[in-house]
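Here the structure is laid out as structure tokens; the discussion comes afterwards.
In mature numbering (1 follows the signal peptide of the UniProt record, and there is no 0), the protein residues as written are -25 to -1, 1 to 823.
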């Protein structure tokens, strides 16, 4: 697939033309060692130098052959990669005696050569009129780290690059043209052409979503080739086609979602035509879900790949049932790009038995706005299989040609030529672009100058807006300048306050934090650090200082500014003000004296919270989330609900914090927001994880995990525990379904809680963790029932708590068990209002 090796290559802008004719090669494979005048043997294969005598190779010019005595790595190709050919002009390799389907591989290995820098090279590759690469740059950076790795012989496989294509060659000749970009240059280390049997790719393939596609006439580029669940398979272990199969773990979203399994039994191909599809080594290992106890079974095994937008892709999946010897034991679904490619998939049935190597191909298109491709396998619970897991042995992804092109970027001149514009055209285009850029830049500078000047007139304390940050006034929010005394503008969003907060000077911030004293740091994130500080006559505040030199967390930081500009609620952490002087972007929040909810549950020396305090904290957080979901026109989804984002003030009032991942809810005519998966592992909604469709019920799922965390006082993921206890949600749900949650609760609570309140609490958490988002309650329903749980506990505290006959009917005569007649509603202290009618709730949590 794609790999690379070398010490670096210093190259200058150039051009070469070479024609190479090779009449015959051993076993119909054509192996060319570029830049060499001799032959070398690598793993039993003979590579012929393109300047070797009597080899029917003709060079129109010698170009710039370069060589090195050593590469310092441990690749089997080290001997081959000691030479290369640099071309300063169009370079053609013409190989005769080639007809049919072939894998064509280009080997690139940069190494040190005086006068040349490989990082400056840029070129295209065209084979028989098909554009394979355009403006291609070998992705190699010469660095001290690379040098150290080479000298130690470590990780050498990452320093060479192989690009592989599958081409159907008509006639008996293939012409490969290397074309420098503009006045740049290129280089090539070796060319490999290996024959492919016609049956390797069928004429038609199943389309994701239904139907079939004919592959006739479509060239391919190999994007990924993985040995799932097993070790890397080197090219000499796949001697039919000399392919390399990578390890899959680095592409998995969650590696321990699937455990590796293997079987050394005698594996055979399901079809006699499949002998070259993949080596049997691929089918001897796999990943299966059934052996992992880390994740809940509703999670999928997921692999994510970066691909080129606006192309079609062939996804080839390799299967071999290694464990079951009859049908209906393992049935699962296959998802590609979050759409169902196949359901009711039974490997045993499709392959015709156990230990039968089988493959399945799928076709899907990637739009111009997407640069990723997902492959996911998960249990098909509706199929009624004995086991609820999935299995995969190997995976390949091929990009299909489109309009005679396989390059990621298409650029054509008026004559329809690719990558070979004349020097004059390139020069004039460059001059024109340069002039246009200067004019545009001048206009922008003038506009910025007048804009900043007008801002200074409005507010004398606005100066030195930071580079790289969006000033707060660009959000449309109002700024109440306590220095300039100016009035406020209209705030962003219908729910916003009329002011964002006070504009602090940098001098005030320095005084509050004692010049950002490290001893005052109370938190660190990708945006920077959070300091405890004193403002306005001793008022404590949390001061978040962003790092403008770092892009990490920038999006989340700006999102938090936007969200806090339109949110005000008793149970949401408030924004006091900001500072944007001297390239600084600083936000000032209210200080939460008792820190995070998690710190009071476990992992610290703080006194444990009582059951009543935990219920009140959960109710406060639920009120904040309910306000987010209902307080704005479209609602806001927090997307990172967890105990470290629930803060407690000096009175242990809980408030939601950290809105950096928050998203506006779906529009009225939509049911969800399609977005990349973000959140914290252990709290993540599996439906959102699987479909990348975000809803308010995703927050509800995360909040359900928080509820179990409050009851059990342990981490949501703890890999040091036995396998069946690693995942809190899975472990607690097992006990909850057995109506035995009290068995695993925090030992500090034993004997100090109302048993019936805990039972109802467990029911709420269980409903929140429903597989299907539609089956989960709303945050308003969760809030109501938590208040009911608190009333049960308070009534129990007011009675003889040793009375085992206690029931809700005794304590709360006005509240019917299982019904929703309200005797207590949220207090009016919730600023912004709940907007929630408790008197007309349907029973979304209790089973009547």
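Just so you know, even glycine gets a beta-carbon here, dropped at the ideal spot from N, CA and C.
When the Cα of residue i is compared with those of the options, which residue comes out closest?
i	options	result
residue 87	44, 74, 101 and 72	44
residue 671	104, 629 and 597	597
residue 92	54, 162 and 106	162
residue 546	11, 640 and 624	624
residue 341	493, 290 and 285	285
residue 160	235, 595, 140 and 38	38
residue 573	560, 564 and 593	593
residue 305	315, 317 and 321	321
residue 314	298, 296, 343 and 277	277
residue 165	52, 206, 222 and 543	52
residue 479	708, 559, 638 and 762	559
residue 10	58, 50, 29 and 4	58
residue 567	587, 586, 622 and 576	622
residue 250	216, 235, 220 and 237	216
residue 20	3, 27, 12 and 485	3
residue 103	147, 97 and 82	147
residue 301	324, 282 and 294	324
residue 367	418, 691, 292 and 376	292
Check for me: the beta strand (DSSP E) holding residue i runs from which residue to which?
i	result
residue 309	306 to 311
residue 70	66 to 71
residue 197	195 to 202
residue 754	That residue, residue 754, is in no beta strand (DSSP E); its alpha helix (DSSP H) goes 754 to 773.
residue 371	369 to 375
residue 630	629 to 631
residue 571	That residue, residue 571, is in no beta strand (DSSP E); it is neither H nor E in DSSP.
residue 353	347 to 354
residue 166	165 to 170
residue 340	331 to 341
Please confirm whether residue i and residue j have their CB atoms less than 7 Å apart.
i	j	result
residue 615	residue 636	yes
residue 519	residue 562	yes
residue 754	residue 634	no
residue 203	residue 370	yes
residue 307	residue 365	yes
residue 17	residue 54	yes
residue 632	residue 682	no
residue 767	residue 738	no
residue 208	residue 255	no
residue 236	residue 263	yes
residue 14	residue 27	yes
residue 495	residue 556	no
Starting from residue i and walking both ways along the alpha helix (DSSP H), at which residues does that stretch end?
i	result
residue 708	703 to 712
residue 294	It is not in any alpha helix (DSSP H) - residue 294 instead sits in the beta strand (DSSP E) that spans 286 to 294.
residue 674	671 to 687
residue 258	255 to 258
residue 302	Residue 302 -> no alpha helix (DSSP H), and no H or E assigned at all.
residue 484	481 to 488
So, helix, strand or coil for residue i, using DSSP?
i	result
residue 414	helix
residue 597	helix
residue 648	strand
residue 588	helix
residue 661	helix
residue 318	strand
residue 141	strand
residue 156	coil
residue 249	helix
residue 276	strand
residue 74	coil
residue 420	helix
residue 90	coil
residue 825	Residue 825 is absent from the structure shown; the chain starts at -25 and stops at 823.
residue 730	helix
residue 401	Because the pLDDT at residue 401 is just 46, under 50, the model does not fix this residue reliably, and the point stays unresolved.
residue 700	helix
So, does the segment 344 to 355 touch the segment 173 to 183, judging by three or more C-beta pairs under 8 Å?
no
Indicate whether the contact test is met: 3 or more Cβ pairs, each with one atom in the segment 149 to 162 and one in the segment 66 to 75, closer than 8 Å.
yes
How do the segment 579 to 586 and the segment 655 to 675 stand: do at least 3 beta-carbon pairs fall below 8 Å, yes or no?
no
Would you call the segment 226 to 246 in contact with the segment 319 to 339, where contact means no fewer than 3 C-beta pairs closer than 8 Å?
yes
Validate contact between the segment 714 to 733 and the segment 745 to 754 using beta carbons, cut 8 Å, 3 pairs:
no
Counting Cβ pairs, one atom from each stretch, are 3 or more of them under 8 Å apart for the segment 372 to 379 and the segment 217 to 237?
no
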